[in-house]
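Protein chains: 2
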Amino acid sequence: MPRLGMEPIRKAALVEATIAEIGRAGSLDVTVAQIARRAGVSSALAHHYFGSKEQMFLAAMRHILSLYGAEVRGALALAEGPRDRLRAVIRASFAASSFRRETIGAWLNFYVLAQTVPEVQRLLRVYQHRICSNLRAPLRALAPERAEALAEGLAAMIDGVYLREVLGQRPPDGAQAAAMVLDYLDAQLGAGSNSGDAA
Amino acid sequence: MPRLGMEPIRKAALVEATIAEIGRAGSLDVTVAQIARRAGVSSALAHHYFGSKEQMFLAAMRHILSLYGAEVRGALALAEGPRDRLRAVIRASFAASSFRRETIGAWLNFYVLAQTVPEVQRLLRVYQHRICSNLRAPLRALAPERAEALAEGLAAMIDGVYLREVLGQRPPDGAQAAAMVLDYLDAQLGAGSNSGDAA
DNA sequence: TGGTTTATTGACTCGTCAATCAATAAAAGG
DNA sequence: CCTTTTATTGATTGACGAGTCAATAAACCA
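First to last, the protein sequences are chains A and B.
Just so you know, the first sequence maps onto residues 1 to 199 in full-length UniProt numbering.
Just so you know, the second sequence maps onto residues 1 to 199 in full-length UniProt numbering.
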């Protein structure tokens with residue numbers, strides 16, 4: 001009994017299911033049938049709406065990146081002063097909405113996919129570029145000379161902490177993960193807790 | 001015309017070919033036939049010696065880890081004093097033998113495989129444990145309180161730098177990569193260039 | 001020499017899976 | 001109503017690939 005206007009609902013469900021299945025399997029070796037079943041539809045319908053498995057992966061990735069982007073924007077909106085902005089970006093990177101087993105697993109797999117699918121590579125580069133920008137701006141106010149290098153170091157560390165979580169036996173702990181990066185930040189800027197506050 | 005004693009030669013060639021193919025494809029979606037062809041043998045022979053594709057992946061991984069281990073041991077043998085030892089471990093992590101496109105690509109894919117194959121997970125954990133140990137020991141002599149946390153931070157950063165290389169447009173530059181991590185180290189310990197030298 | 005071990009492969013089996021198609025059915029619209 | 005559009009699926013196709021097997025052949029051995 002086909003109600004109309006199902007397309008966005010189905011698509012959203014399939015995107016969620018894609019992420020969940022990749023997270024569960026821990027790899028991109030998930031069949032369209034598995035994804036579709038989890039979303040409660042037939043595999044034919046999944047193809048009908050997305051055209052191909054690759055498009056499903058891309059949609060899933062855009063979804064993850066957009067969640068993360070929202071998290072960052074939300075945190076930045078509340079931050080005042082460069083130091084606070086830096087902390088906001090870092091904390092947002094480990095917020096519960098992104099720092100979850102399944103999302104981390106999916107994210108790792110997208111790095112793999114980036115080596116094959118140009119559009120995935122493009123998206124990941126956009127993400128990396130954005131996170132660097134978000135870090136560089138406030139860093140310029142605190143340590144203009146080293147802003148560029150520090151931003152890249154922080155970004156690398158954030159990615160590295162994610163990566164280590166993949167093998168972690170215990171469930172991800174965003175607060176602790178963020179603490180490690182914040183610690184790096186303080187060491188680089190001089191722990192002086194607020195040296196650049198209140199723009 | 002079968003010469004005897006081929007087994008180790010074929011195995012070595014197949015291991016190399018496995019790494020090269022994974023690096024080329026940028027994923028684990030490589031067929032045994034592709035690997036075998038690159039090694040100059042039939043796919044049947046590959047199965048004959050390894051039993052399964054999974055065993056080939058495992059052998060490839062052990063090979064990569066053992067190259068890296070050798071690099072670290074070699075560097076440590078020449079180092080004197082804790083600070084120097086730290087530098088040695090970090091530099092070894094970006095030595096030319098490991099820090100190459102194909103190896104980096106393969107390494108990333110092994111992280112993915114670790115989510116599926118317990119033995120791969122075990123091997124990666126051994127690697128992580130060892131790198132942390134190698135860092136923690138000299139750190140204990142320089143900053144006993146923070147040794148544990150710093151070791152994990154450094155390890156995360158090393159992994160993160162590798163990860164970023166996956167998307168890098170320009171070919172990997174080990175020296176520059178190492179510099180970023182060494183910079184973090186100096187910031188954490190106080191740049192005083194040799195505070196812990198000459199044990 | 002004849003038997004055993006090692007090396008090596010082509011051909012085949014058996015599954016799996018992405019993608020397609022044709023068919024069913026309910027709503028919308030005139 | 002009858003048509004068009006949207007939703008939905010079961011069944012099918014076509015390709016591809018891991019792993020197996022039986023056969024060939026050279027080397028070694030007694």
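Glycine is no exception: its CB is placed at the ideal position from the N, C-alpha and C atoms.
Since the model is a prediction, treat every value here as computed from it, not as a measurement.
Going along chain A, which residues have a C-beta under 7 angstroms from residue i?
i: V161/B; result: A156
i: A187/B; result: A187 and Q188
i: D173/B; result: Those within 7 angstroms of D173/B in chain A number zero; the least Cβ separation is about 13 angstroms.
i: L58/B; result: Within chain A, no residue comes near L58/B; the closest Cβ sits about 16 angstroms away, beyond 7 angstroms.
i: Q55/B; result: Simply none; closest approach about 18 angstroms.
In chain order, what residues of the same chain lie with their CB nearer than 8 angstroms to the CB of residue i, ignoring the 5 residues before and after it?
i: Y184/B; result: G153, L154 and M157
i: R62/B; result: L123
i: V166/B; result: I104, G105 and L108
i: G74/A; result: A92
i: residue 201/A; result: This structure leaves residue 201/A out entirely; chain A is present only between 1 and 199.
i: V112/B; result: L28
i: G69/B; result: R130
Return the residue from the list the options that minimises the CA-CA distance to residue i.
i: I19/A; options: E54/A, P138/A and A75/A; result: E54/A
i: A79/A; options: A88/A, A17/A and E71/A; result: A88/A
i: T116/B; options: I9/A, D29/A, D84/A and P8/A; result: D29/A
i: A131/B; options: L76/B, A25/B and L58/B; result: Per the sequence shown, residue 131/B should be read as Ile rather than Ala. It is L76/B.
i: residue 203/A; options: F50/A, V32/A and R24/A; result: In the structure as shown, chain A starts at 1 and stops at 199, and residue 203/A therefore has no counterpart that could be examined.
i: Q169/A; options: K11/B, R125/B and F110/B; result: R125/B
Would you decide whether residue i is buried or exposed? Buried here means 16 or more other CB atoms lie within 10 Å of its CB.
i: T103/A; result: buried
i: M180/A; result: buried
i: residue 204/B; result: The shown model of chain B, from 1 to 199, leaves out residue 204/B, and the question about it has no answer.
i: S52/A; result: exposed
i: I22/A; result: buried
i: A17/B; result: buried
i: M56/A; result: buried
i: P171/B; result: exposed
Can you pull the chain B neighbours of residue i, defined as C-beta to C-beta under 7 angstroms?
i: E152/A; result: M180
i: L108/A; result: Y111 and V112
Taking the straight line between their C-alpha atoms, what separation do you get for residue i and residue j?
i: R100/B; j: S66/B; result: 15 angstroms
i: F94/A; j: A178/A; result: 6 angstroms
i: A114/B; j: G174/B; result: 25 angstroms
i: R164/B; j: R3/B; result: 45 angstroms
i: N134/B; j: A187/A; result: 22 angstroms
i: D197/A; j: P138/A; result: Residue confidence is low: D197/A scores 41 on pLDDT, short of 50, so the model does not pin down where it sits. No coordinate-derived value is stated.
i: Q34/A; j: A60/A; result: 15 angstroms
i: G5/B; j: E119/B; result: 28 angstroms
i: V32/A; j: R24/A; result: 14 angstroms
i: I64/A; j: Q121/B; result: 25 angstroms
i: E145/B; j: V161/A; result: 21 angstroms
i: Q176/A; j: K11/A; result: 34 angstroms
i: L58/B; j: E7/B; result: 17 angstroms
i: F110/B; j: D159/A; result: 17 angstroms
i: H48/B; j: H48/A; result: 43 angstroms
Starting from the C-beta of residue i, find all residues in its chain whose C-beta is less than 7 angstroms away, skip the five residues before and the five after it, and write them out in chain order.
i: R136/A; result: A147, E148 and A151
i: L182/B; result: R87 and I90
i: Q128/A; result: A155
i: E71/A; result: A92, A95, S97 and S98
i: A44/B; result: none
List, in chain order, every chain A residue whose beta-carbon is nearer than 9 angstroms to that of residue i.
i: residue 208/B; result: Here chain B comprises residues numbered 1 to 199, so residue 208/B is not present and cannot be evaluated.
i: R125/B; result: L167 and Q169
i: Q121/B; result: L167
Can you name, in chain order, every residue of its own chain whose Cβ lies under 6 angstroms from the Cβ of residue i, other than the five neighbours on each side?
i: R140/B; result: A147
i: L14/A; result: A39 and A46
i: P82/B; result: P138, A141, L142 and G196
i: A199/B; result: Confidence at A199/B is low in this model, with a pLDDT of 33, below 50, so its placement is unreliable and the value that follows should be read with caution. Excluding residues within five positions, the ones whose Cβ falls inside 6 angstroms are G81.
What residues of chain A sit near residue i, judged by a beta carbon separation below 8 angstroms?
i: A149/B; result: M180 and D183
i: V166/B; result: Y111, A114 and Q115
i: Q128/B; result: R164 and L167
Which residues of chain B have a Cβ atom closer than 9 angstroms to the Cβ of residue i, listed in chain order?
i: G69/A; result: Neighbours of G69/A on chain B: none; closest Cβ ~18 angstroms, over 9 angstroms.
i: G105/A; result: V112 and Q115
Which chain B residues are close to residue i, counting only those with a beta carbon under 8 angstroms from its beta carbon?
i: Q34/A; result: The premise fails here: Q34/A is roughly 15 angstroms from chain B at the closest Cβ pair, so nothing lies under 8 angstroms.
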